[in-house]
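Report on the structure given below.
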Amino acid sequence: MSITKEQIAEVESKARDIRETIIEMLTEAKSGHTAGPLGMADVFSTFYFHILKHNANDPDWEERDRLILSNGHIVPVRYATMAHAGYFPLKEVMTLRKFGTRLQGHPEPDRLPGLETNSGPLGSGLSQAAGIAYGLDMDGKENYTYCLLSDGELQAGNTWEAAMFAGVNKLNRLICVIDRNNIQINGMTQDVMPLEPLADKFKSFGFHVIEIDGHSIKEIVAAVDEGKAQKDMPTMIIAKTVPGKGIPEIEGDYTWHGKPPTPEEAERFLKIVRSCGGRVTEEYS
Amino acid sequence: MLNTNAKLSEKVFDPENVKAGSTRDGFGHGVVEAGEKDKNVVVMCADLMESTRSHWFNEKFPDRYIEMGVAEQNLASVAAGISLVGKIPFIASYAAFSPGRNNEQIRTLISLKKANVKICGMHAGVSVGPDGATHQQLEDIALMRVQPNMIVLVPSDEEEARKAVIAAAEYEGPVYIRFGRTSTPEITTKDTPFEIGKAFRVWEGKDPVVGIIASGPFLHSALVAAKNLKEKGIESIVLNLHTIKPLDTKALLALSNEVGAIVTVEEHQIAGGMGSTVAEYLAQVKPMPMEFIGVKDRFGQSGNPAELIEHYGMGVSHIESAVRKALDRI
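Taken in order, these protein sequences are the chains called A and B.
Using the working numbering, the letters of the first sequence correspond one by one to residues 265 to 549.
Using the working numbering, the letters of the second sequence correspond one by one to residues 27 to 356.
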C-alpha cells in the first residue's frame with residue numbers, strides 16, 4: 265500500500281483537524297492528557313484515513329483490522345480521529361470524561377463500539393493484541409492486528425511477557441507502533457527508568473524492528489508495508505514522536521503529559537493549529 | 027438424612043469404599059468434554075500442564091492448547107484478547123498466581139469487559155500440603171467475588187467440578203472456578219443436578235435447628251458433621267453452596283426460615299470468603315447467630331493436608347463445635 269502526495273496532504277489535513285478537536289475536547293473536559301494525543305495525531309490519522317480496513321458504520325465488522333490502543337490515556341486522539349472518520353457526531357467529543365458519556369476517561373468498547381479493548385492500566389495491550397492476532401490466525405483469517413503502545417508503559421513486565429509470546433508464536437500479522445516520545449509522568453523516560461537499547465530489545469524477542477519519524481505519513485505507511493511483508497515475525501515500529509506536536513510552546517515538555525489546556529491556553533493553541541503553525545494567515549484560516 | 031433428590035453417592039459415609047478424586051481432575055475431564063462440544067474452547071496454561079490437568083486437553087486438542095510459560099499476567103491478558111475473536115479460553119494456573127498475581131488484568135480486561143474467559147485456579151487452600159504458604163491460596167474467593175460481572179464457582183468434588191467446567195463453557199462471560207489438588211471423597215454423582223447459581227441441600231434433618239453451608243470439598247466434612255450431630259440429637263440442613271456468585275438468595279432465605287443458626291464451612295480466609303458473602307446477605311434479611319469455619323487471618327505452612335486442616339481448625343470436630351457454639355447463642 266503506497267501513498268501519493270495528494271493522499272499524504274489529505275492525511276495531514278485530517279491530522280490538523282484531529283489536533284484541533286483534541287484541544288477543544290480536553291479544554292471542555294478540564295482534565296485529561298494533552299501531550300500524548302497531540303504527538304500521536306499523525307499516526308492515528310494515517311491509520312484511520314489510509315491504512316486500516318474498517319467501517320465507521322459497522323464498527324464490529326468481522327473483516328476489519330483490529331487497532332488496539334494499549335496506553336489508554338491518550339484515547340482523546342482516538343475519539344477525535346473516530347469522530348472525524350464518521351464513527352459518531354463530532355459534537356459528541358465535547359462530552360469527554362463527563363457523567364453519562366460514551367467517551368470515558370479511559371476507553372471502554374462496551375460503551376463506544378470501535379474501541380476494541382479496555383485500556384488504561386499500562387502494559388497489557390500488547391498481550392491483548394497478541395491474543396487477538398493468535399485467535400484470528402487459528403481461524404485462518406488474514407486481518408491485521410495493530411497495537412499502539414507508549415514508551416513509558418514498556419517498563420511494565422507484562423509487555424515483555426507479551427513480546428516473548430508474540431515472538432515465539434511468529435505472529436506476523438501483528439504490527440505494533442511505539443509512541444517513542446521520551447516522556448512519562450515523572451519526567452523523561454531516560455531519567456525515570458531507561459528503555460534503551462529499545463530496538464535491540466525487541467529484536468532479541470523475535471520482532472522485526474523499524475525506526476521511523478512518527479510525524480512522517482510516508483514513513484508510517486512504508487513501515488506498515490514493511491511489517492506486512494514479514495512472514496514469520498511480528499513487527500515493532502518505533503515511531504519517534506514529539507509530545508505536544510504542533511504547539512511549539514509545549515512540545516517536548518513532560519509536564520504536559522497529564523493536564524489539559526486552560527481556556528486561555530486553548531485559544532492560543534487553537535490559533536496555532538488553525539493557522540498550521542503560522543504558515544496560513546489568520547485572514548485566510 | 028441425605029437428600030435423595032440430590033442423588034448423592036451411596037458410599038458417601040463409607041470411608042473404606044467411597045470413591046475419591048480431585049476437583050482438578052474434574053477440570054481436566056470437564057474441559058475435554060467442553061472442547062468436544064465447542065471447537066472454540068481453548069486451554070491456556072502457564073507452565074503447569076500436568077498439575078493443572080490440562081495435559082488431557084493438550085493430548086486431544088493440541089492445536090487448541092496454548093502454552094504461555096511462567097507469565098500469569100500475560101495468561102490473563104492474552105486470554106482477554108483471544109476471547110474477543112470468539113474463542114472460549116480456560117486459563118489454568120495455581121490460584122496463588124492466577125488470580126493471585128494477575129488481579130488487575132482480570133479486573134480491567136476480563137471483568138470490566140465481560141470477556142468470555144474462564145479463570146481456573148488450581149491448588150487452592152491449605153490442602154495443597156507440603157508446598158507451604160506461598161502456594162496455598164486462601165484469598166481467591168475474596169479477590170474474585172468483589173469484581174462485578176464475575177461468576178464464582180467452588181465445586182465440591184471431581185464430578186461437580188466436571189459439571190462446573192461444562193456449565194462455565196456454556197455461560198457467556200467471565201467465570202472463576204476454584205479447584206483443589208488433593209483427592210477428596212465423591213459426594214455427587216452423574217445424576218446430581220448442577221446449575222450455576224442454584225445451591226442445593228445434601229442433608230435434611232427433621233425439624234432442623236441449624237444450617238451448615240459449605241463450599242468446595244469441605245462439603246464432605248459438613249456432611250459427616252451433620253450425621254454425627256444427628257446421632258447426638260442435633261438436626262441440621264447442609265446446603266451445597268457451589269456458586270458464591272451469583273448468590274442463591276432464595277435458597278439462603280428458605281434455609282434461614284427453617285433454622286435458628288448458621289455455620290459456614292470453607293477452605294479460605296474467613297475474611298471475604300463464602301461465609302462473609304452469606305453473612306452480608308443474612309444480615310440484611312434475617313440476622314441470626316453465625317459461626318465461620320475457615321482460616322482465621324493466617325497464612326498456611328508445609329504439612330500434609332489432613333494435619334493442616336486440623337491445625338487450622340477446619341475439621342469435622344471443629345464444625346461440630348461451631349454448631350454447638352452457634353446454637354448456644356440462640
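The beta-carbon is built from N, C-alpha and C at its ideal position, and this holds for glycine as well.
Supposed close pair residue i, residue j - CB separation, criterion 8 Å
i, j, result
"Leu412(A)", "Ser334(A)", "6 Å"
"Thr214(B)", "Leu34(B)", "6 Å"
"Leu101(B)", "Ser119(B)", "6 Å"
"Pro527(A)", "Ala293(A)", "No, Pro527(A) and Ala293(A) are not in contact; Cβ-Cβ is about 12 Å, not under 8 Å."
"Ala287(B)", "Pro315(B)", "4 Å"
"Cys440(A)", "Pro373(A)", "Between Pro373(A) and Cys440(A) the Cβ distance is about 19 Å, and since that is not below 8 Å, they are no contact."
"Leu367(A)", "Leu360(A)", "5 Å"
"Ile145(B)", "Tyr202(B)", "5 Å"
"Ala225(B)", "Ile238(B)", "The Cβ separation is near 12 Å, so there is no contact."
"Asn446(A)", "Gln454(A)", "7 Å"
6 Å CB neighbourhood of residue i in its chain, flanking five on each side removed
i, result
"Pro181(B)", "Thr49, Ala187, Ala190 and His268"
"Gly384(A)", "Gly336 and His370"
"Ala427(A)", "Phe469"
"Ala420(A)", "Leu386 and Gly387"
"Ser241(B)", "Val180, Leu267, Glu292 and Met300"
"Glu221(B)", "none"
"Val321(B)", "Leu164, Gln295 and Tyr338"
"Ala430(A)", "Ala394, Leu438 and Pro498"
"Thr381(A)", "Ile332 and Gln392"
Run of the alpha helix (DSSP H) containing residue i, from where it starts to where it stops
i, result
"Arg280(A)", "Lys269 to Ala293"
"Ser302(B)", "Met300 to Val311"
"Asn446(A)", "Asn446(A) -> no alpha helix (DSSP H), and no H or E assigned at all."
"Ile481(A)", "Ile481 to Lys492"
"Thr310(A)", "Ala305 to Thr310"
"Met402(A)", "Gly389 to Met402"
"Leu534(A)", "Pro527 to Arg538"
"Trp424(A)", "Gly421 to Val432"
"Ile270(B)", "Note, Ile270(B): premise wrong, no alpha helix (DSSP H); beta strand (DSSP E) at Thr269 to Lys271."
"Tyr343(A)", "Val339 to His348"
Whole-angstrom distance between residue j and residue i, CA atom to CA atom
i, j, result
"Val44(B)", "Val38(B)", "6 Å"
"Arg324(B)", "Ile263(B)", "29 Å"
"Gly341(B)", "Ser137(B)", "34 Å"
"Ala32(B)", "Pro313(B)", "28 Å"
"Ser328(B)", "Arg355(B)", "35 Å"
"Ala122(B)", "Ala150(B)", "7 Å"
"Ser539(A)", "Phe533(A)", "10 Å"
"Glu406(A)", "Ala347(A)", "27 Å"
"Leu477(A)", "Phe205(B)", "Here the sequence assigns Asp to residue 477(A), which means Leu is not the residue at that position. Using only the alpha carbons, I get a separation of about 51 Å."
"Glu36(B)", "Glu76(B)", "31 Å"
"Tyr398(A)", "Phe352(A)", "30 Å"
"Cys71(B)", "Val57(B)", "13 Å"
"Gly223(B)", "Thr78(B)", "25 Å"
"Gly416(A)", "Gln448(A)", "6 Å"
"Glu252(B)", "Ala352(B)", "Residue identity differs from the one stated: residue 252(B) is Ala in this sequence, not Glu. Approximately 14 Å, taken between the alpha carbons."
"Ser549(A)", "Glu529(A)", "Here Ser549(A) scores only 43 on pLDDT, less than 50, and its place in the model should not be relied on; the value that follows carries that caveat. Their Cα atoms are separated by approximately 19 Å."
"Val172(B)", "Asp166(B)", "10 Å"
"Asp274(B)", "Ser302(B)", "14 Å"
"Phe471(A)", "Thr423(A)", "13 Å"
"Met323(A)", "Gly378(A)", "Sequence inspection shows Pro at residue 323(A); the Met mentioned does not correspond to that position. The straight-line gap from Cα to Cα measures roughly 5 Å."
"Lys492(A)", "Leu278(B)", "58 Å"
"Pro88(B)", "Gly61(B)", "11 Å"
Sequence-distant residues of its chain with Cβ nearer than 8 Å to residue i (five each side left out)
i, result
"Asp73(B)", "Glu93, Met94, Gly95 and Val96"
"Val537(A)", "Arg280, Arg283, Glu284, Ile287, Gly510 and Ile511"
"Ile272(A)", "Ile481 and Lys482"
"Asp496(A)", "Lys434 and Asn436"
"Gly155(B)", "Arg207, Thr208, Ser328, Gly329, Asn330, Pro331 and Leu334"
"Asp183(B)", "Gly47, Thr49, Gly52, Thr210, Pro211, Glu212, Ile213, Thr214, Pro243, Leu245 and His246"
"Pro41(B)", "Pro211"
Start and end residues, beta strand (DSSP E) containing residue i
i, result
"Asp477(A)", "His472 to Asp477"
"Tyr202(B)", "Val201 to Arg204"
"Leu413(A)", "Thr409 to Ser414"
"Gln295(B)", "Ala287 to Gln295"
Listed by chain order, chain C residues near residue i by CB distance under 9 Å
i, result
"Gly95(B)", "Absent from the structure: chain C. Protein chains present are A and B."
heavy atom of the ligand MN below 7 Å from residue i C-beta
i, result
"Gln99(B)", "Inclusion of the ligand MN in the displayed structure is not the case, the ligand content being empty and no account of it being possible."
Same chain, Cβ closer than 7 Å to residue i, five either side skipped, listed in chain order
i, result
"Asn301(A)", "According to the sequence as given, residue 301(A) is Pro; it is not Asn. Within the same chain, Pro301(A) has close Cβ partners Ile286, Ile338, Pro340 and Val341."
Original post:
Which residues, in chain order, does the segment 97-118 of chain B contribute to contact with chain A at a C-beta distance below 9 Å?
Top reply: Residues of the segment 97-118 of chain B with a Cβ closer than 9 Å to any Cβ of chain A, in chain order: Ala97, Glu98, Gln99, Asn100, Leu101, Ala102, Ser103, Val104, Ala105, Ala106, Gly107, Ile108, Ser109, Leu110, Val111, Gly112, Lys113 and Pro115.
Subject >> Residues within the segment 149-175 of chain B neighbouring chain A, beta-carbon criterion of under 9 Å >> reply: none
Subject >> the segment 119-149 of chain B: positions lying closer than 8 Å to chain A by Cβ >> reply: Glu130, Gln131, Thr134, Leu135, Leu138, Lys139 and Lys140
Subject >> Within 9 Å of chain B by C-beta, residues of the segment 494-516 of chain A in sequence order >> reply: none
Original post:
Going along the chain, which residues of the segment 378-406 of chain A sit with their C-beta nearer than 9 Å to a C-beta in chain B?
Top reply: Glu380, Thr381, Asn382, Ser383, Gly384, Pro385, Gly387, Ser388, Gly389, Leu390, Ser391, Gln392, Ala393, Ala394, Gly395, Ile396, Ala397, Tyr398, Gly399, Leu400, Met402, Asp403 and Lys405
**OP:** Could you name the residues of the segment 349-380 of chain A whose beta carbon sits closer than 8 Å to any beta carbon of chain B, in the order they occur along the chain?
**Re:** Glu372, Pro373, Asp374 and Glu380
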